[in-house]
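Structure first, commentary second.
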Amino acid sequence: MTSSEASAKRIVERLLADLDEGRLRREIDDPIDRAAGEFLIEPESTESHQVFLEVTGRLVQQMYERGLRVPRRLSLRQSRAEAIFLLQQGYRGTYSIGYEAALVDAAGTAPAGLPVVAGHLIEIIRTGERHKYVRGAMARCLAGEHWETRCAVTALLLGRWAPFLSPALHRCHPGQLADEIPTLVDIYLTTERVLGQLGRESRQHGGFFGGP
């Protein structure tokens with residue numbers, strides 16, 4: 032085993048420990064879920080753009096103050112602007128995307144529309160926090176490592192995560208993907224999270240197709 036391979040093995044072990052799904056849930060998902068559970072949407076008209084701004088702004092304000100690993104205190108004006116930005120960048124509606132799509136979905140599917148959009152907004156925040164956490168872990172683990180070590184890390188991850196990656200990625204040489212390690216990590220974590228959710232739903236409902 033070369034020195035690069037030995038270093039890569041240590042890096043991968045540390046990275047996998049940092050990115051353990053249970054740890055991500057404890058450090059990111061659980062605080063977000065608690066903050067979301069404390070937020071109430073009053074039974075009021077969802078037709079008004081002003082109400083939409085008020086509710087989404089208050090939601091962002093509460094999530095940032097109570098649900099983030101590094102809390103942020105925003106004024107209501109700031110939180111409204113942040114809600115608009117998040118929805119514009121991350122909202123994927125039934126027929127369209129962005130802030131206008133969120134506004135239409137909230138008004139067009141009342142009374143459940145606004146809570147549904149709020150749920151999407153929470154998931155946008157969660158995804159962003161997970162993304163930042165992953166990038167931070169990557170920076171800590173790979174800081175100062177030379178090219179050969181990064182290639183060795185890529186090779187180890189490709190081998191370990193083979194079932195989660197596309198055939199096109201398997202055909203790549205590790206050197207081609209050495210600068211794309213964060214992308215590989217994102218693919219793996221997203222797949223693992225989806226499979227975990229499907230597994231929990233299967234246990235709750237007696238199998239994917241409702242069987243015993």
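Going left to right, the sequence shown walks through residues 32 to 243 as the working numbering numbers them.
C-beta: ideal position from N, C-alpha, C; glycine also.
Predicted, not measured: the structure shown is a model, and the values here were computed from it.
- If you check the CB distance, C172 and P205 do not come in under 8 Å.
- Residue nearest to R57 within the set R161, S127 and A168 is R161 (criterion: CA-CA distance).
- Counting only runs of 4 or more residues that sit fully inside the stretch 138-226, the alpha helix (DSSP H) segments are 144-173, 178-191, 198-201 and 205-208, in chain order.
- DSSP places F83 in the uninterrupted alpha helix (DSSP H) bounded by H80 to R97.
- In the three-state reduction of the DSSP assignment, R54 falls in the helix class, which pools H, G and I.
- A Cβ-Cβ separation of about 5 Å places V91 in contact with E113 under the 8 Å criterion.
- Rounded to the nearest angstrom, the gap between the Cα atoms of A37 and D61 is 35 Å.
- Judged by DSSP secondary structure, V43 falls within the alpha helix (DSSP H) whose first and last residues are S34 to D49.
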